[in-house]
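Anchor point for the sequence shown: position 29 equals 29 in UniProt numbering, and the numbering is continuous, going up by one each time.
Okay, structure first, notes after.
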Amino acid sequence: MSVDADLAQAMRWFNTARGDLDTARALLGLQRYAPACFHAQQAAEKGFKGLLVATGRLPKTHSIAQLLRELPEDAGRCLRLAAAARLDKLYIATRYPDALPEGTDIGEAYDAKDAQDAIDVAEGTLAVLQQWGAELGVPTP
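Shown next, in the form of structure tokens:
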């Protein structure tokens, strides 16, 4: 891909990440905490992928911890993004009943605090990643 195509693709990743964050907020309002947590994780993951696409890379992983390791060197920013790795635990367990201990219902495994915490982490992560992307030339809406 050309640099311009990479930047346009990065913008699409960021737009999709913002949509997932909006979905997480809406689900929190509906008291659907597990899916709210999942969409918060997705927002952060897609934000990381947006930044990485802007640098010409797109690792095939859903692990935010792995995506963090793929970022360009910037110790200050990476430190601010480190909390996002804790969202990894929300990728599978929020969607599959067999990912939780026997007898645990997904609808009861997560609460409003879990969802709000995940949304807060995703929101902060996305803000840092989008700013970084803008500095690389990713168009902003």
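Built from N, CA and C at the ideal position, the CB exists for glycine as well.
8 Å CB neighbourhood of residue 29 in its chain, flanking five on each side removed: none
Own chain, CB closer than 8 Å to residue 72, minus 5 neighbours either side, in chain order: 55
CB of residue 110 within 8 Å of CB of residue 37, strictly: yes
CB-CB length for residue 51 against residue 132, believed under 8 Å: 6 Å
Proximity test, residue 96 beta-carbon vs the ligand FMN heavy atom, cut-off 7 Å: By its list of ligands, the structure shown contains no ligand whatsoever, and the ligand FMN lies outside what it can speak to.
Pairwise C-alpha distance: residue 104 and residue 93: 11 Å
Span separating the alpha-carbon of residue 62 from that of residue 126: 16 Å
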